[in-house]
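K.L.:
The structure that follows is given in the form of structure tokens.
Chains as they are written, first to last, in the UniProt record's numbering: chain Y, 1 to 614; chain U, 1 to 296.
See the structure below:
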């Protein structure tokens, strides 16, 4: 190494109770360098980050051995400092950005005060000076209108802006080292791209080192100089980013690379659709009333789904992509009548379900099932697996205990779990196993359609890969159709015959997967694709995302008004794109023509922020 | 307390043995105390040496055996009317356990059902139930008890009703809060997607998940009800004399504290032991019912 090390971790061991989370870990971070600490859940990467700032004790862990030394003037052995001495280091020489920008800020304190607090603590500034410095700090992280933000509260900002505030707080004292623990995991890809660019720029400006903790190889390729790969508390590989990506040595790193979804690695061929569709959705609309002010009855309608049409053939997977808040989950729930649509129709196997009563709807549940995002929260913790996974079937037709047991074992076999699992409870399974249980539950009624809402988003890449492979296998065996909803385009590409891109309550582009992803027509699709991290450090230079001038149409409208619907144009066989009419206010800067549209657009930014902090 | 249909139930003795094995020494002590108290209460007519209400004015205020002036056969001494304190304590224990158990169960049923209804139904139903809860909290309960007992008379049934009404609003609040929290959990939506109706969701998905706070509230309210019963007795509104309850014995014995403390000590100790055993057993049951605490 040419540059002098800033931080040395020597033979670090971390324990939680008797559990050994990290063993004998050593690495250096040089001044100005970005080191990525990569690993899946349980690898000990977050424990390491917490240990560096000695926050691990608060989480119930402790440093069982080894040293952490921060070089410089004065050099400090962080692992030996008292809590008081550590307080002077935290936020000053070493600072940290957390994953969750929603919960890491104090919700009842103005942002200006929160940023100023750091400065007053470490630099002893008085209130007035600290406020000015806070303004500068916000400006440095390129938050628009920093002056106004000082008096705003966290809920008034979007997720991306909040993460910028977190970074501003972390950088307020110009630290030598920034520890970023999955800082972009909770953000949309376009926002993630902006935050990563920001961190790189600030690093050049301040000359700080960054310890970047992530599970996403795409992000690593985009930001790191060097990489340390952790697996279950052991370092399995360390090296410059280009070497690790070009020639991964450890088998685990190779497996991790192989499991990482890469955009452009091929999609399933579109099916010849001759049979009538399993699901056909026609002009579906869902809206929620939003109260305005204190006057009773005064409300606006939020159009979460604003006229969506799609269809899925038997045995086909339609991938639905879009960023948080675009209405894709609401669409999924409306398709299954978990929320009631305000307009349009949904037909399952040719039968319209939009107006069915509760008892008729129960029969429909046999045809369509759902798999949810969070495998930890979507299984009732108090029920044994046998009852959980056979519940939909049990609701359809009463079964004896023995029948349930037999069905449970059959389902467990299908999803690759042992029959003994039937007697156990959800907490005894890992995240991937739980998601298998959720799939088994959906399969129990042999549905024609499974709606998978972000079903693999909470899982590690290697586990996610197994789950999508399982879905593909089940699709072949049982000819089940999937509506596969995800914000992760690379995963969607891997499983979908066709994709639909959703933006602001509408489908803006749909068609065969290859066609849409390789020949995107709509500006939003292009922006989305440009922001996807590429797991290839060599291609880092050509993927600085353009800040596109694309503004979403307003979805919060007075009662009775509906958002303008774009017409779909067929650009190739089966490939439809929403018409981008300069006058339809889809593109920012275009002169809006209809007065109603103009009013909607002016209102829009504040409204969207209030409703969709993400 | 987990729903019987939801857990593969081993035979009852085996389950009881497993629970006993898992108990720590304090819990074991509480179990033994609880079992002893319940057996004493059930067997009171067989154990008690005297009729609890038979008076003997020549043998008034005699101390327990082993003290000066003690009268043979009167283990814990006699009260101000010459009644056997030991016999009265046993019968008092019997009645108090029955009243408290029935009262707390009644409160659990009323409050639990209304809370569940409020949490699931929402809207106007919820608003009116919670308005009733707020009213109950706002109005001093002794007043309500006085009113009810004045109108309906103080029979055992009415006292159980009053004691049950005394705690229902706490159950309703707890259950409604828990239900509201759980209704937002994805597994409830998963159940809806599976086709489950509100009854099934309540029975299989909500109830097993609110057992823990309910058990805790039950143990708290059981102790409170024992105290409330003694308050009512003290005010002359509870079980009418000469019938003994632990509360009324303490209430009456209070006047003789300086000269004849034994009248109060025996029933007071029993109240203490009931409360102690119930609290410890409540925690133990709660943990035993939580499948998540079982070994992986």
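Positions of the beta carbon are idealized from the N, C-alpha and C atoms, including for glycine.
All of these numbers come straight from a predicted model, not from anything done at the bench.
What residues from the segment 373-387 of chain Y come within 7 Å of chain U, judged by C-beta to C-beta, listed N to C?
P.N.:
374, 377, 378, 379, 380, 381, 382, 383, 384, 387
K.L.:
With a threshold of 8 Å, are at least 3 pairs of Cβ atoms found where one atom belongs to the segment 361-371 of chain Y and the other to the segment 337-352 of chain Y?
P.N.:
The segment 361-371 of chain Y, when compared against the segment 337-352 of chain Y, does touch it at the 8 Å Cβ threshold.
K.L.:
Rounded to the nearest angstrom, how far is the Cβ of residue 111(Y) from that of residue 175(Y), given a contact under 8 Å?
P.N.:
That belief does not hold up - the Cβ atoms of residue 111(Y) and residue 175(Y) are roughly 20 Å apart, past 8 Å.
K.L.:
With H, G and I counted as helix, E and B as strand and the rest as coil, what does DSSP make of residue 568(Y)?
P.N.:
strand
K.L.:
Let me see if you follow: with CB-CB separation under 7 Å, is residue 257(U) close to chain A or not?
P.N.:
The structure shown contains no chain A; its protein chains are Y and U.
K.L.:
Quick check: is the beta carbon of residue 391(Y) nearer than 7 Å to any beta carbon in chain U?
P.N.:
yes
K.L.:
To the nearest angstrom, report how far apart residue 92(Y) and residue 189(U) are at their CA atoms.
P.N.:
45 Å
K.L.:
Please decide whether residue 232(Y) counts as near chain U, where near means a Cβ-Cβ distance under 7 Å.
P.N.:
no
K.L.:
Take residue 275(Y) as the anchor and find which of 42(Y), 246(Y), 311(Y) has the nearest alpha-carbon.
P.N.:
311(Y)
K.L.:
Short of 6 Å in beta carbon distance, which residues of its chain neighbour residue 97(Y), apart from the five on each side in sequence? Order them along the chain.
P.N.:
These residues qualify, in order along the chain: 166, 167, 170, 180, 183.
K.L.:
How would you call residue 248(Y), buried or exposed, if buried means at least 16 neighbouring beta carbons within 10 angstroms?
P.N.:
Buried, since its Cβ has 16 or more Cβ neighbours within 10 Å.
K.L.:
Thinking just about the alpha-carbon of each residue, which of 106(Y), 285(Y), 387(Y), 414(Y) is nearest to the one in residue 342(Y)?
P.N.:
285(Y)
K.L.:
Output the distance between the C-alpha atoms of residue 33(U) and residue 61(U), rounded to the nearest integer angstrom.
P.N.:
28 Å
K.L.:
Hey, would you say residue 348(Y) sits closer than 7 Å to residue 369(Y), going by beta carbons?
P.N.:
In this structure, residue 369(Y) does not lie closer than 7 Å to residue 348(Y) by Cβ.
K.L.:
Cβ of residue 192(U) less than 7 Å from any chain Y Cβ?
P.N.:
yes
K.L.:
Does the pairing of the segment 132-149 of chain U with the segment 161-168 of chain U give three or more beta-carbon distances under 8 Å?
P.N.:
Contact between the segment 132-149 of chain U and the segment 161-168 of chain U is present, because at least three Cβ pairs lie under 8 Å.
K.L.:
Is DSSP giving residue 298(U) helix, strand or coil here?
P.N.:
Residue coverage of chain U in this structure runs from 1 to 296, which leaves residue 298(U) outside it and unanswerable.
K.L.:
With DSSP as the reference, identify every bridge partner of residue 369(Y), one or two as the case may be.
P.N.:
Residue 369(Y) pairs with 450(Y).
K.L.:
I'd like to know if residue 365(Y) contacts chain U, where contact means its C-beta is closer than 7 Å to some C-beta of that chain.
P.N.:
yes
K.L.:
Is residue 304(U) close to chain Y? Criterion is C-beta to C-beta, closer than 7 Å.
P.N.:
Nothing about residue 304(U) can be read from this structure; chain U reaches only from 1 to 296.
K.L.:
Examine chain U for any beta-carbon lying closer than 7 Å to the beta-carbon of residue 102(Y), and answer yes or no.
P.N.:
no
K.L.:
Helix or strand or just coil, what does DSSP make of residue 79(U)?
P.N.:
coil
K.L.:
Use the C-beta contact count for residue 20(U): other C-beta atoms within 10 angstroms, 16 or more gives buried, fewer gives exposed.
P.N.:
exposed
K.L.:
Roughly how many angstroms lie between the CA atoms of residue 278(U) and residue 454(Y), to the nearest whole one?
P.N.:
46 Å
K.L.:
Three or more C-beta pairs closer than 8 Å, one from the segment 433-450 of chain Y and one from the segment 476-485 of chain Y: is that the case here?
P.N.:
yes
K.L.:
Mind checking residue 57(Y): buried by the 16 CB within 10 Å criterion, or exposed?
P.N.:
exposed
K.L.:
Please report the distance separating the alpha-carbon of residue 43(U) from that of residue 416(Y).
P.N.:
57 Å
K.L.:
At a CB-CB cut-off below 7 Å, which residues of chain Y make contact with residue 187(U)?
P.N.:
377, 378, 379, 380
K.L.:
In chain order, what residues of the segment 33-60 of chain U put their CB closer than 7 Å to some CB of chain Y?
P.N.:
none
K.L.:
Within 7 Å of any Cβ in chain Y, is that where the Cβ of residue 213(U) sits?
P.N.:
no
K.L.:
I'd like to know whether the C-beta of residue 337(Y) is nearer than 7 Å to at least one C-beta of chain U.
P.N.:
no
K.L.:
Excluding the 5 residues preceding and the 5 following residue 569(Y) in the sequence, name in chain order all residues of the same chain whose CB lies nearer than 6 Å to its CB.
P.N.:
577, 579
K.L.:
Starting from the C-beta of residue 280(U), find all residues in its chain whose C-beta is less than 7 Å away, skip the five residues before and the five after it, and write them out in chain order.
P.N.:
26, 27, 30
K.L.:
Counting pairs of Cβ atoms below 8 Å between the segment 405-423 of chain Y and the segment 371-379 of chain Y, do you hit three or more?
P.N.:
Remark: fewer than three beta-carbon pairs, one from each stretch, lie closer than 8 Å, so the segment 405-423 of chain Y and the segment 371-379 of chain Y are not flagged as touching.
K.L.:
For the putative contact between residue 392(Y) and residue 441(Y), defined by C-beta atoms under 8 Å, what is the C-beta separation to the nearest angstrom?
P.N.:
6 Å
K.L.:
Just checking: is the beta-carbon of residue 568(Y) within a distance shorter than 7 Å of some beta-carbon in chain U?
P.N.:
no
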